[in-house]
Amino acid sequence: MAFVNPQYLVEPDWLHAHLGEVVVLDVTAMLTSKLENRALAECFEPAHIPGSHLLDVASGYGDLSAPDAVLPWTWPSADRFAATMERFGISNDTRVVIVARTPRDGIDNGTMWCTRAWWTMHHGGVDCAILNGGIERWEAESLPMTDAPAETPAPGSFTPKADWQRGHAGRDDVLAGVESADTCLVDALAPESFDGTSAGYGPRKGHITSAINVPMGAFVTGNTARFRSDDEIEAILRDSGLLDAPRVITYCGGAIAATVDAFALALFGHDDVSVYDGSLMEWTTDAALPMTDPNPNAA
Numbered sequence: 107m108a109f110v111n112p113q114y115l116v117e118p119d120w121l122h123a124h125l126g127e128v129v130v131l132d133v134t135a136m137l138t139s140k141l142e143n144r145a146l147a148e149c150f151e152p153a154h155i156p157g158s159h160l161l162d163v164a165s166g167y168g169d170l171s172a173p174d175a176v177l178p179w180t181w182p183s184a185d186r187f188a189a190t191m192e193r194f195g196i197s198n199d200t201r202v203v204i205v206a207r208t209p210r211d212g213i214d215n216g217t218m219w220c221t222r223a224w225w226t227m228h229h230g231g232v233d234c235a236i237l238n239g240g241i242e243r244w245e246a247e248s249l250p251m252t253d254a255p256a257e258t259p260a261p262g263s264f265t266p267k268a269d270w271q272r273g274h275a276g277r278d279d280v281l282a283g284v285e286s287a288d289t290c291l292v293d294a295l296a297p298e299s300f301d302g303t304s305a306g307y308g309p310r311k312g313h314i315t316s317a318i319n320v321p322m323g324a325f326v327t328g329n330t331a332r333f334r335s336d337d338e339i340e341a342i343l344r345d346s347g348l349l350d351a352p353r354v355i356t357y358c359g360g361a362i363a364a365t366v367d368a369f370a371l372a373l374f375g376h377d378d379v380s381v382y383d384g385s386l387m388e389w390t391t392d393a394a395l396p397m398t399d400p401n402p403n404a405a
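To get my numbering, take the position in the sequence shown, counting from 1, and add 106.
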């Protein structure tokens, strides 16, 4: 089965041919222990795709997050989102391509920062795509890079979609989904987090009760957004039951990795998918919320 929405991914040669016609946003992450992003100085300024701009998605309270929220990476208000789009020269008819590299393994993984940006922007009404294979693939194909400072774009004029919160799920949505036969909860973290053999993302480990485990890494090869073929991704989604699920809510530690699974479903046109905003950073702090720890004695 071919992707229903192949336009959500673009190849390096396509982007090279259309530089100057699209806005290119680099969402590379290089996070400190304080969730501050050093990618501008460490990654972007030394070398970036010509004409691109660094969009700081990765900082805990960065460009696509609510600045006054309790938890990092919380879905922003419509006004903040619109202001960010306009600052980068984006209007409602602008085509945007999201790119990244992976400077280090783990939380700096470029795939999930691309999909996190895409998920927020797509639901906000931006016509956006992800560079398949990221900056690493761009460089491997000997396409141009530059260290020239990015020019300040002319402001855009952007109005978010009225229903842009559709991509976002809250704690109550997830709690209802635990008991609902019509909702599939998906943990996008590694198996050792899901089964409780690693420390997890908060005071409790394991996974939200009734969730299944479909790790984000299953959908890509390498670190930065080189997605598997349509047949391979379809097989993963079908074998896990996600293609036929009436409603899907994905989660992870902080609503970043979960967007990879959500993006994979979007490629196949699954319309009723949302990402749990608080994810395990919120869920694990409330002992009244159901969790399953298959390895309670693991360190």
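All residues carry an ideal CB built from backbone N, CA and C; glycine is no exception.
Check: Local conformation of L343 per DSSP, three classes; Outcome: helix
Check: Validate contact between the stretch 302-314 and the stretch 373-386 using beta carbons, cut 8 angstroms, 3 pairs; Outcome: yes
Check: Counterpart residues of V292 in DSSP-defined beta bridges; Outcome: I318 and T356
Check: Neighbourhood of V202 by C-beta, 8 angstroms cutoff - its chain only, sequence neighbours within 5 removed; Outcome: V128, V129, V130, L131, I196, M227, V232, D233, C234 and A235
Check: Residue range of the alpha helix (DSSP H) that includes D233; Outcome: Note, D233: premise wrong, no alpha helix (DSSP H); beta strand (DSSP E) at D233 to L237.
Check: Ordered list of beta strand (DSSP E) runs contained in the stretch 254-307, each at least 3 residues; Outcome: 289-293
Check: Separation of I342 from D253, as counted between CA atoms; Outcome: 40 angstroms
Check: Coil, strand or helix - I362 by DSSP; Outcome: coil
Check: Sufficient close CB pairs (3 or more, under 8 angstroms) joining the stretch 282-290 to the stretch 257-271; Outcome: no
Check: Validate contact between the stretch 318-336 and the stretch 207-220 using beta carbons, cut 8 angstroms, 3 pairs; Outcome: yes
Check: Short Cβ contact (8 angstroms threshold) for V381 with A223; Outcome: no
Check: Per DSSP, the bridge partner or partners of D132; Outcome: L160 and V205
Check: Assigned exposure category for V176 - 16 Cβ within 10 Å defines buried; Outcome: exposed
Check: Any 3 or more C-beta pairs closer than 8 angstroms across the stretch 166-186 and the stretch 347-367; Outcome: yes
Check: Own chain partners of S165 with C-beta closer than 7 angstroms, once the 5 adjacent residues on each side are dropped; Outcome: L141, E142 and N143
Check: Three-way DSSP call (helix, strand, coil) for T180 in this model; Outcome: coil
Check: Contacts around A184, its chain only, beta-carbon distance under 6 angstroms, and the 5 residues preceding and following it disregarded; Outcome: P266
Check: Where the beta strand (DSSP E) through S385 begins and ends; Outcome: Looking at the DSSP string, S385 is not in any beta strand (DSSP E); the run it does join, the alpha helix (DSSP H), is S385 to W389.
Check: Beta-carbon gap between D301 and P182 smaller than 8 angstroms; Outcome: no
Check: Collapsed DSSP secondary structure at M251 in the structure displayed; Outcome: coil
Check: Exposure label - P152; buried when at least 16 CB within 10 Å; Outcome: exposed
Check: Straight-line Cα distance separating N238 from L115; Outcome: 6 angstroms
Check: Through-space distance from F187 to F109, alpha-carbon basis; Outcome: 28 angstroms
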